[in-house]
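Down below is the structure, laid out as structure tokens.
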Amino acid sequence: MPREMLYRESVVHRSDGLPLKIYDSSHVKYHWHDEYEFLLAEHNGTVCSVGGRQITLNVGDSMMIKGGELHSLSLEAGKSVTAVVVHPTFWAGDDVSFLERMSFTALFRGESEIGSRITLLLRRIKECYLEKNLGYEFLLKTYFCNIFAILIENGEYEEYVKPPEAQSSPEAALFEYVHNNICNNISLDMLCKATHFSKSYVVRLFKKHTGQTPIEYINRCRTELAKELLSAKSVTDTALDCGFNNVSYFIRVFKRYTGLRPGEWKSKQ
């Protein structure tokens with residue numbers, strides 16, 4: 006399956022007619038989208054994998070994920086990160102070719118001058134988005150423009166030449182199998198059989214691209230699916246529909262990644 010179909014996220018990130026949406030996220034599966042994504046760390050220990058490179062963010066840190074970059078995200082139970090997902094046409098208009106020609110510094114540590122300025126702008130973007138005062142759309146565009154002005158003025162970029170895209174990659178079949186069978190029984194042996202990889206290689210691929218073991222990644226994906234299903238289904242039906250054959254195990258896993266039992270989560274929605 007082509008990379009474009011396998012990993013591309015189908016969600017449309019829009020809010021109030023703008024190509025922009027802000028989320029509080031605790032787990033995001035391996036994917037990519039056309040939009041840029043700015044992460045603002047609200048807790049220590051935010052682990053983001055971008056293009057196979059793992060980055061840990063702490064409070065005060067932020068980072069930028071360029072449109073088209075493969076990434077995943079995971080945090081401990083009860084913790085979240087602010088994810089600002091926005092299409093570049095929002096601040097750059099219809100001609101975004103200059104963005105495609107430039108590779109910007111993407112990691113902003115809070116203790117650095119540039120990092121602290123960009124983190125402050127992201128916090129203002131979040132506040133502006135939530136408050137929606139008169140003229141907030143104009144302010145939002147200004148804040149995004151300021152981020153790139155800071156990077157350009159300080160030389161935090163390189164001319165970017167996109168390398169030829171590989172037709173396939175070792176992890177393609179692996180993640181395709183997981184995402185297509187997330188509601189079915191999946192074991193390490195089954196992953197090896199489906200991909201013809203050794204167990205150690207499968208584990209290394211998961212660690213490289215998600216920062217998690219295969220079972221951790223699968224359970225995190227199932228937990229996110231369960232959050233959606235619990236609003237309309239019982240705990241038992243949700244467990245079975247998400248690939249958990251043991252309801253007690255589902256409850257333990259759900260609490261591990263959310264800090265709440267499924268019934269508690271359901272009652273709060």
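Note that the sequence shown covers residues 6 to 274 in my numbering. Even glycine gets a Cβ: it sits at the ideal position worked out from N, Cα and C. If you're wondering where the values come from, they're calculated on a predicted model, not measured in any experiment.
- prompt: Ends of the alpha helix (DSSP H) at Lys-273?
  reply: Position 268 of the sequence shown, counting from 1, holds the residue named residue 273. Secondary structure note for Lys-273: its alpha helix (DSSP H) is the uninterrupted segment 267-273.
task: Tell me whether Asp-29 sits in a helix, a strand or coil according to DSSP, three-state version.
output: The residue you call residue 29 lines up with position 24 of the sequence shown. The answer is strand: DSSP assigns Asp-29 an E or B state.
Best match in Glu-136, Val-52, Trp-37, Gly-65 for proximity to Val-90 [C-alpha to C-alpha]: Numbered from 1 along the sequence shown, position 85 holds the residue referred to as residue 90. For the set Glu-136, Val-52, Trp-37, Gly-65, the Cα lying nearest the Cα of Val-90 is the one of Trp-37.
message: Residues in the same chain with beta-carbon distance under 6 Å from Leu-62, minus the five sequence neighbours each way, listed in chain order, please.
response: The residue you call residue 62 lines up with position 57 of the sequence shown. For Leu-62, same chain residues with a beta-carbon under 6 Å away, outside a window of 5 residues either side, are Ala-46, Thr-51 in chain order.
query: Going by other Cβ atoms of all chains shown within 10 Å of its Cβ, with 16 needed for buried, is Cys-247 buried or exposed?
result: In the sequence shown, the residue the question calls residue 247 occupies position 242. Result: buried.
task: Determine whether the Cβ of Thr-243 lies closer than 7 Å to any Cβ atom of chain C.
output: This model lacks chain C altogether, as it is built from one protein chain only.
query: Are at least three pairs of beta-carbons, each pair with one atom in the segment 266-273 and one in the segment 76-84, less than 8 Å apart?
result: By the criterion of at least three beta-carbon pairs nearer than 8 Å, the segment 266-273 is not in contact with the segment 76-84.
query: Less than 7 Å separating the beta-carbons of Asn-151 and Leu-135?
result: Looking up residue 151 in the sequence shown gives position 146. Looking up residue 135 in the sequence shown gives position 130. No, these two residues do not count as a Cβ contact at 7 Å.
- prompt: What is the rounded straight-line gap between the Cα of Asn-186 and the Cα of Ser-31?
  reply: The sequence position of residue 186 within the sequence shown is 181, counting from 1. The sequence position of residue 31 within the sequence shown is 26, counting from 1. Going from the Cα of Asn-186 to the Cα of Ser-31 covers about 22 Å.
- request: Tell me whether the beta-carbon of Ile-155 lies closer than 7 Å to the beta-carbon of Arg-129.
  value: Taking the sequence shown and counting its residues from 1, the one referred to as residue 155 is at position 150. Taking the sequence shown and counting its residues from 1, the one referred to as residue 129 is at position 124. No.
query: Is the beta carbon of Tyr-222 sitting closer than 7 Å to the one on Thr-228?
result: Here residue 222 corresponds to residue number 217 of the sequence shown, with the count starting at 1. Here residue 228 corresponds to residue number 223 of the sequence shown, with the count starting at 1. No.
Own chain, CB closer than 7 Å to Ile-60, minus 5 neighbours either side, in chain order: The residue given as residue 60 occupies position 55 in the sequence shown. The beta carbon of Ile-60 sits closer than 7 Å to the beta carbons of Cys-53, Met-68, Leu-112 from its chain, once the five residues preceding and following it are set aside; these are given in chain order.
field: Same chain, Cβ closer than 6 Å to Leu-230, five either side skipped, listed in chain order
entry: Taking the first residue of the sequence shown as position 1, residue 230 is located at position 225. The residues are Cys-247.
field: Three-state class that DSSP yields for Thr-61 in the structure shown
entry: Sequence index remark: in the sequence shown, residue 61 carries index 56 (1-based). Residue state, collapsed to three classes: strand.
- prompt: What is the DSSP secondary structure of Cys-150, counted as helix, strand or coil?
  reply: Residue 150 sits at position 145 when you count from the first residue of the sequence shown. Helix.
query: In or out: Tyr-254 buried (at least 16 other Cβ within 10 Å) or exposed?
result: Locating residue 254 in the sequence shown gives position 249, counting from the first residue. Exposed, by the Cβ-count rule.
- request: Quick one: give me the first and last residue of the beta strand (DSSP E) that Ala-231 is part of.
  value: Stepping through the sequence shown from its first residue, residue 231 is reached at position 226. Where Ala-231 is concerned, there is no enclosing beta strand (DSSP E), although the alpha helix (DSSP H) it sits in stretches over 219-234.
- prompt: How would you write the range of the beta strand (DSSP E) that Phe-109 sits in, first residue to last?
  reply: As a first step, residue 109 must be located in the sequence shown, where it is residue number 104. Phe-109 -> beta strand (DSSP E) spans 107-109.
query: Quick one, which of Asn-224, Glu-40, Cys-226, Phe-259 has its alpha-carbon nearest Val-240's?
result: As a working mapping, residue 240 is identified with position 235 in the sequence shown. For Val-240, the closest alpha carbon among the candidates Asn-224, Glu-40, Cys-226, Phe-259 is that of Phe-259.
query: How would you write the range of the alpha helix (DSSP H) that Ser-85 sits in, first residue to last?
result: Taking the sequence shown and counting its residues from 1, the one referred to as residue 85 is at position 80. Where Ser-85 is concerned, there is no enclosing alpha helix (DSSP H), given that its DSSP letter is neither H nor E.
Span of the beta strand (DSSP E) around Leu-45: The sequence position of residue 45 within the sequence shown is 40, counting from 1. For Leu-45, the enclosing beta strand (DSSP E) begins and ends at 41-46.
- prompt: For Phe-149, which residues from the same chain have a beta carbon less than 6 Å from its beta carbon, with the 5 sequence-adjacent residues on both sides left out?
  reply: Within the sequence shown, residue 149 is the residue found at index 144, counting from 1. If we look at Phe-149 and ignore the five residues flanking it on each side, its Cβ neighbours are Trp-96.
message: Given this structure, state the Cα-to-Cα distance separating Thr-200 from Leu-179, to the nearest angstrom.
response: Along the sequence shown, read from residue 1 onward, the residue named residue 200 stands at position 195. Along the sequence shown, read from residue 1 onward, the residue named residue 179 stands at position 174. So the alpha carbons of these two residues sit roughly 6 Å apart.
message: Using a Cβ distance threshold of 8 Å, determine whether the segment 102-112 contacts the segment 69-80, with at least three qualifying pairs required.
response: Because the criterion of three Cβ pairs below 8 Å is met, the segment 102-112 and the segment 69-80 touch.
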